[in-house]
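Novice: Residue numbers (the working numbering): 2 to 94. Don't be surprised by glycine CBs; every beta carbon is placed ideally from N, CA and C.
(1) Are the stretch 19-38 and the stretch 54-61 touching, with three or more C-beta to C-beta distances below 8 Å?
(2) Starting from residue 61 and walking both ways along the beta strand (DSSP E), at which residues does that stretch end?
(3) Can you pull the DSSP bridge partners for residue 15?
(4) If you follow the alpha helix (DSSP H) that residue 40 is in, where does it begin and where does it stop?
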């Protein structure tokens, strides 16, 4: 299982473990999480870094938690919709 985690700075990524100083947002299959994260997250100026929407701009920790909770809800809705399996030929993606 993999996790989508983020730093207080807003940087989000998929990891097999939860590093110190990060918050776990959701858990699931790694490839599926990467695909959903690349769609739902905001892209930074470098084109590679993914950001939790609203988290870098949050002035207080309370606003930051609200931004993370909203992003978590968006990801959970996207995960619940499916498709739960994507195949190419006989191979699961």
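Specialist: Short version:
(1) The stretch 19-38 is not in contact with the stretch 54-61.
(2) Looking at the DSSP string, residue 61 is not in any beta strand (DSSP E), and its letter there is neither H nor E.
(3) Residue 15 is bridged to 5.
(4) That run of the alpha helix (DSSP H) goes 31-41.
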